[in-house]
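Peer 1: Residue numbers (the numbering used here), protein chains in the order written: chain A, 1 to 332; chain B, 333 to 586.
Backbone N, C-alpha and C fix where the C-beta goes; we use that ideal spot for every residue, glycine too.
If you scroll down you'll find the structure; I have some questions about it.
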Amino acid sequence: MDFAVQVKNLVKVYDGKVKALDGVELDVEPGEVFALLGPNGAGKTTLIRILTTQLKPTAGEAYIFGLNVVRNGGKVRRLISYVPQEMSVWTDISGYENLLVYAKIFDVPSHERGKIIDEVLENMGLTHVKNDLVRTYSGGMIRRLEIACAMLTKPKIMFLDEPTIGLDPAARKVVWERLGVFKEEYGVTIFFTTHYMDEADLYADDIAIINQGKIVARGTSEDLKHSLGGEVISFTLEKAAIKPELFQELRKLVFVKDVLVENGSLNVFVDDAESTLSILMNFLKSEGLSVGKVSINKPTLDDVFLKHVGTRLEEKGRISDVTQMRYMIRRG
Amino acid sequence: MMEGLKNMLVMIELELRRLRHDRTEIYFRAVQPILWILIYGPVMSSVRAIPTGGVPYTDFITPGVMIQTTTFVSIFYGLMMVWERESGILKKLLVTPASRYSMVIGRSMASGVRALFQALIILPIALIIGVRFIPNPAYFSLAFTIIFFASGGFAAISILVASFMKTRERFMGIGQAIIMPLFFASNALYPVQMMPPILREFSTFNPLSYVVDAVRGLLITGDLSNLLMDLVAIAIFDAVSFILASISFKRIIE
Ligand SMILES: Nc1ncnc2c1ncn2[C@@H]1O[C@H](COP(=O)(O)OP(=O)(O)O)[C@@H](O)[C@H]1O
Ligand SMILES: [Mg+2]
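Structure representation (structure tokens):
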């Protein structure tokens with residue numbers, strides 16, 4: 001059984017300067033929803049563009065269902081569909097016409113065309129606007145039209161580059177519900193990139209975190225969270241009190257799986273908070289630290305991200321994405 | 333081959349659908365050529381400075397002015413390519429099974445269709461101001477077929493330029509820098525014989541001259557003595573531009 005996606009030691013250097021991918025290793029099972037999660041500039045788009053045969057890798061190999069993306073590009077393109085990160089529909093014709101053009105390019109037989117187009121429009125909830133110019137669509141509707149376009153051919157694998165970028169939470173939810181239904185029906189593999197943590201957490205069967213061109217963590221959302229321990233105890237301390245030596249000492253304790261710090265809060269990952277909390281409190285007291293507040297939580301994907309990437313994904317990035325998306329649409 | 337033809341037709345259909353929704357651009361672009369034949373033509377013809385071989389000056393320049401506009405349309409088609417590159421449209425098209433060359437030729441010929449409409453819209457105005465066309469439907473069809481294919485060639489050149497230009501602003505500049513010399517160093521406004529020798533040399537390599545010569549012969553003068561050579565020149569021009577544009581097209585999304 002071939003993997004849906006298999007990537008071996010993939011390297012991509014742009015213009016001999018920018019190392020966008022730095023030895024990526026990755027396998028994706030057929031039929032799963034796979035999320036490639038990473039901050040801006042991590043190399044997500046570059047990886048997708050190599051997998052969809054748009055760019056040649058500098059080194060390494062990539063296969064889609066056993067087909068090499070460089071040597072068998074033509075065959076690969078018959079199996080896949082792709083939604084780029086940027087807007088990718090013509091805005092001066094209707095939604096239906098956009099799909100019609102692609103149906104013809106993909107050789108959908110003429111007697112089935114109308115039916116299939118109506119079906120994908122229905123899938124993505126666009127039937128009522130199908131004859132309107134795309135120019136009049138909202139950002140969410142445009143994204144849904146693009147995904148509808150990717151559904152036309154019933155591909156074996158769909159590559160979605162930031163499929164919900166710039167959409168509000170309600171619109172994102174709709175997109176994922178529709179994708180879920182489509183996947184159930186046709187068993188398509190979905191490979192998507194995102195920098196929305198919750199999206200990977202909620203919708204992906206399997207996640208890889210990419211940072212600076214390398215895969216830094218891999219597994220299901222549960223696996224990844226578990227790797228940090230079953231629970232996280234957060235102590236609010238004075239910022240100045242958190243010193244590197246404190247880290248070292250804490251890590252020496254056998255039940256401590258990891259320690260992370262952010263904004264004056266010390267997060268200690270353990271398997272079981274109940275049995276370890278008092279020991280930790282005593283330890284901090286013996287170090288002469290006064291603890292302000294204590295809270296116990298389950299580790300989140302955010303924590304996993306923080307551990308592997310060193311920062312949380314910033315809110316700032318998201319807002320500029322929204323403006324960028326709007327800008328694209330207005331120009332079209 | 334069949335695949336290429338099909339994709340070409342799909343791209344032409346796309347262009348026709350666009351035109352159906354919005355023709356304002358075609359109307360706006362018609363203003364300039366209409367000024368040429370409405371004002372420049374009559375003024376120059378009253379000076380009687382340019383030997384036109386017996387036809388009224390306005391009639392003489394009508395084909396040239398028509399072809400200048402269609403060339404404009406084609407050369408600026410690349411602008412749309414740059415926009416489609418900035419958006420994700422071209423990326424998505426290149427991930428379909430359609431071949432690169434069928435996309436290039438398809439888009440070029442789609443521009444030819446747009447150019448055809450642009451040329452046709454000038455006809456009624458030319459008729460109203462009294463330009464005398466040769467009333468022969470076969471000549472007419474051939475003239476517009478030539479315009480169609482020549483525009484496709486110019487659009488391919490513009491796709492070639494677009495694949496080297498990173499921004500639309502830069503493309504605009506280059507576009508202007510290509511069209512104006514092509515126009516003035518051609519036989520569109522005056523016979524080649526009137527030009528200084530260097531320009532005359534240049535004019536032999538100017539595809540626009542062959543197009544104008546053929547179309548002028550078919551629509552206005554009836555002089556078809558150079559038609560065969562014109563057709564060959566245009567065919568070579570098309571082939572070369574299609575090949576160059578296809579080769580460089582991959583670069584457009586990198
Ligand atoms: N076409 C390109 N030419 C040069 N550098 C590029 C190009 N595309 C991306 N890069 C660079 O490669 C790195 C990875 O970019 P990208 O794959 O777009 O990341 P992501 O999609 O995760 O935000 C970035 O440093 C980016 O600036
Ligand atoms: Mg990206």
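Counting Cβ pairs, one atom from each stretch, are 3 or more of them under 8 Å apart for the stretch 164-180 of chain A and the stretch 13-30 of chain A?
Peer 2: Contact between the stretch 164-180 of chain A and the stretch 13-30 of chain A is absent, because fewer than three Cβ pairs lie under 8 Å.
Peer 1: Quick check on the DSSP output: what are the complete alpha helix (DSSP H) runs of length 4 or more inside the stretch 437-461 of chain B, in order along the chain?
Peer 2: The stretch 437-461 of chain B contains these whole alpha helix (DSSP H) runs: 454-460.
Peer 1: What's the C-alpha gap between valine 322 of chain A and phenylalanine 192 of chain A?
Peer 2: Looking up residue 322 of chain A in the first sequence gives position 322. Looking up residue 192 of chain A in the first sequence gives position 192. For valine 322 of chain A, the predicted model reports a pLDDT of 47, less than 50, meaning its position is unreliable; a value from the coordinates is still stated below. One C-alpha to the other measures close to 18 Å.
Peer 1: Of the choices B:Thr428, B:Val379 and B:Phe515, whose alpha-carbon is the least far from that of threonine 53 of chain A?
Peer 2: Residue 53 of chain A sits at position 53 when you count from the first residue of the first sequence. Taking only the C-alpha atoms, the option nearest threonine 53 of chain A is B:Thr428.
Peer 1: Using alpha carbons as the reference points, say which of A:Pro84, A:Ile93, A:Arg78 and A:Gly95 lies closest to alanine 430 of chain B.
Peer 2: Here residue 430 of chain B corresponds to residue number 98 of the second sequence, with the count starting at 1. Considering only alpha carbons, the answer is A:Arg78.
Peer 1: Can you pull out the residues from the stretch 409-427 of chain B whose beta carbon lies closer than 8 Å to at least one beta carbon of chain A?
Peer 2: Those residues of the stretch 409-427 of chain B that come within reach of chain A (Cβ to Cβ, closer than 8 Å) are Trp415, Glu418, Ser419, Gly420, Ile421, Lys423, Lys424, Leu425, Leu426 and Val427.
Peer 1: Is isoleucine 64 of chain A closer than 7 Å to valine 76 of chain A when the C-beta atoms are compared?
Peer 2: Translated into the one-based positions of the first sequence, residue 76 of chain A becomes position 76. Translated into the one-based positions of the first sequence, residue 64 of chain A becomes position 64. The answer is yes: Cβ separation under 7 Å.
Peer 1: Can you list, in chain order, the stretches of the alpha helix (DSSP H) that have 4 or more residues and sit fully within the stretch 138-202 of chain A?
Peer 2: Within the stretch 138-202 of chain A, the complete alpha helix (DSSP H) runs of at least 4 residues are 139-151 and 169-186.
Peer 1: Please check the pair leucine 301 of chain A and alanine 200 of chain A, which I expect to be a contact at CB under 8 Å, by giving their CB distance rounded to whole angstroms.
Peer 2: As a first step, residue 301 of chain A must be located in the first sequence, where it is residue number 301. As a first step, residue 200 of chain A must be located in the first sequence, where it is residue number 200. 6 Å between Cβ atoms; contact.
Peer 1: For ligand 2, I want to know if glutamine 212 of chain A counts as a neighbour, meaning its beta carbon is within less than 6 Å of at least one of the ligand's heavy atoms.
Peer 2: Sequence index remark: in the first sequence, residue 212 of chain A carries index 212 (1-based). For ligand 2, not one heavy atom lies less than 6 Å from the Cβ of glutamine 212 of chain A.
Peer 1: So which residues of chain A does proline 383 of chain B contact, with C-beta pairs closer than 8 Å?
Peer 2: Here the question's residue 383 of chain B lines up with position 51 in the second sequence. Per Cβ cutoff of 8 Å: no residues; proline 383 of chain B is ~46 Å from chain A at best.
Peer 1: Using a beta-carbon distance below 7 Å, is arginine 326 of chain A in contact with chain B?
Peer 2: Counting from 1 along the first sequence, the entry for residue 326 of chain A is found at position 326. Low per-residue confidence applies at arginine 326 of chain A: pLDDT is 45, beneath 50, and the placement is therefore not dependable enough to give any value.
Peer 1: For lysine 44 of chain A, verify whether its CB is less than 6 Å away from any heavy atom of ligand 1.
Peer 2: Counting from 1 along the first sequence, the entry for residue 44 of chain A is found at position 44. Answer for lysine 44 of chain A: yes, Cβ within range of ligand 1.
Peer 1: Give me the residue from A:Trp90, A:Ile105, A:Val256 and A:Leu277 with the minimum Cα distance to aspartate 132 of chain A.
Peer 2: Residue numbering aside, residue 132 of chain A sits at position 132 when the first sequence is read from its first letter. Selected option, being the one with the closest Cα: A:Trp90.
Peer 1: Using three-state DSSP, classify glutamate 335 of chain B as helix, strand or coil.
Peer 2: Here residue 335 of chain B corresponds to residue number 3 of the second sequence, with the count starting at 1. Note: glutamate 335 of chain B maps to helix in three-state DSSP.
Peer 1: Bridge partners of isoleucine 207 of chain A, per DSSP?
Peer 2: Translated into the one-based positions of the first sequence, residue 207 of chain A becomes position 207. Beta-bridge pairing links isoleucine 207 of chain A to A:Ala35 and A:Gly219.
Peer 1: Could you tell me the alpha carbon to alpha carbon distance between methionine 141 of chain A and glycine 74 of chain A, rounded to whole angstroms?
Peer 2: As a first step, residue 141 of chain A must be located in the first sequence, where it is residue number 141. As a first step, residue 74 of chain A must be located in the first sequence, where it is residue number 74. Using only the alpha carbons, I get a separation of about 30 Å.
Peer 1: Throw me the rounded Cβ distance for the phenylalanine 503 of chain B and leucine 411 of chain B pair, which I believe falls under 8 Å.
Peer 2: Position 171 of the second sequence, counted from the start, is the residue given in the question as residue 503 of chain B. Position 79 of the second sequence, counted from the start, is the residue given in the question as residue 411 of chain B. Rounded, the Cβ-Cβ distance is 6 Å, consistent with contact.
Peer 1: How many whole angstroms separate the CB atoms of leucine 521 of chain B and isoleucine 371 of chain B, which I take to be in contact at a CB cut-off of 8 Å?
Peer 2: Working through the second sequence from its first residue, we reach residue 521 of chain B at position 189. Working through the second sequence from its first residue, we reach residue 371 of chain B at position 39. Leucine 521 of chain B to isoleucine 371 of chain B, Cβ: 13 Å. No contact.
Peer 1: Specify whether the stretch 267-286 of chain A and the stretch 243-254 of chain A touch according to this definition: at least 3 beta carbon pairs, one from each stretch, less than 8 Å apart.
Peer 2: Segments in contact, yes.
Peer 1: Can we say the stretch 201-212 of chain A touches the stretch 34-43 of chain A, given the rule of at least three CB pairs closer than 8 Å?
Peer 2: Touching, yes.
Peer 1: Is the number of C-beta pairs between the stretch 505-516 of chain B and the stretch 389-408 of chain B that are closer than 8 Å three or more?
Peer 2: Cβ pair count under 8 Å is three or more, so yes.
Peer 1: Give the C-beta separation of alanine 339 of chain A and leucine 121 of chain A to the nearest angstrom, bearing in mind that I take them to be a contact with Cβ-Cβ under 8 Å.
Peer 2: Outside the displayed range of chain A (1 to 332) lies residue 339 of chain A, so it cannot be described from this structure.
Peer 1: For arginine 361 of chain B, I'd like the list of residues in its chain whose CB is within less than 8 Å of its CB, leaving aside the five on either flank, ordered along the chain.
Peer 2: Along the second sequence, one-based indexing puts residue 361 of chain B at 29. Closer than 8 Å at Cβ, skipping near neighbours: Thr401, Phe404, Val405 and Gln450.
Peer 1: Taking valine 342 of chain B as the query, report the chain A residues whose CB atoms sit under 8 Å from its CB, ordered along the chain.
Peer 2: The residue labelled residue 342 of chain B in the question sits at position 10 within the second sequence. Neighbours of valine 342 of chain B on chain A, chain order: Val101, Lys104 and Ile105.
Peer 1: Taking just the CA atoms, how far does glutamate 231 of chain A sit from proline 299 of chain A?
Peer 2: Residue mapping note: residue 299 of chain A aligns to position 299 of the first sequence, counting from 1. Residue mapping note: residue 231 of chain A aligns to position 231 of the first sequence, counting from 1. If I take the Cα positions, the gap works out to 6 Å.
Peer 1: Expressed to the nearest angstrom, what Euclidean distance is found between the alpha-carbon atoms of threonine 153 of chain A and leucine 556 of chain B?
Peer 2: Translated into the one-based positions of the first sequence, residue 153 of chain A becomes position 153. Translated into the one-based positions of the second sequence, residue 556 of chain B becomes position 224. Their Cα atoms are separated by approximately 51 Å.
Peer 1: Among residues of its own chain, excluding the 5 on either side of phenylalanine 486 of chain B, which ones have a beta-carbon nearer than 7 Å to its beta-carbon?
Peer 2: For the purposes of this step, residue 486 of chain B is identified with residue 154 of the second sequence, where counting begins at 1. The answer, listed in chain order, is Thr403, Ser406 and Ile407.
Peer 1: Measuring only from the beta carbon, is asparagine 62 of chain A closer than 6 Å to any heavy atom that is part of ligand 1?
Peer 2: Translated into positions along the first sequence, residue 62 of chain A becomes position 62. According to the sequence provided, residue 62 of chain A is alanine. The question's asparagine does not apply to it. Flag unset: Cβ of alanine 62 of chain A not near ligand 1.
Peer 1: On a Cα-Cα basis, can you pick out the residue from A:Gly310, A:Leu246 and A:Gln248 that is closest to alanine 217 of chain A?
Peer 2: Start at 1 with the first residue of the first sequence, and residue 217 of chain A comes out as number 217. With distances taken between Cα atoms, alanine 217 of chain A lies closest to A:Gly310.
Peer 1: Report yes if the C-beta distance between glycine 60 of chain A and valine 11 of chain A is below 7 Å; otherwise report no.
Peer 2: Start at 1 with the first residue of the first sequence, and residue 60 of chain A comes out as number 60. Start at 1 with the first residue of the first sequence, and residue 11 of chain A comes out as number 11. Their beta carbons are under 7 Å apart, which means glycine 60 of chain A touches valine 11 of chain A by this criterion.
Peer 1: Quick check on tyrosine 290 of chain B: buried or exposed, where buried means 16 or more other Cβ atoms within 10 Å of its Cβ?
Peer 2: Outside the shown range of chain B (333 to 586) lies residue 290 of chain B, about which nothing can therefore be said.
Peer 1: Using three-state DSSP, classify glutamine 364 of chain B as helix, strand or coil.
Peer 2: Locating residue 364 of chain B in the second sequence gives position 32, where the first residue counts as 1. Helix.
Peer 1: Can you list, in chain order, the residues of its chain with a C-beta nearer than 6 Å to that of alanine 170 of chain A? Leave out the 5 residues immediately preceding and following it.
Peer 2: If you number the first sequence from 1, residue 170 of chain A lands on position 170. Hits under 6 Å: none found.
Peer 1: Rounded to whole angstroms, what is the Cα-Cα separation between glycine 507 of chain B and serine 518 of chain B?
Peer 2: Taking the first residue of the second sequence as 1, we reach residue 507 of chain B at position 175. Taking the first residue of the second sequence as 1, we reach residue 518 of chain B at position 186. C-alpha separation (whole angstroms): 17 Å.
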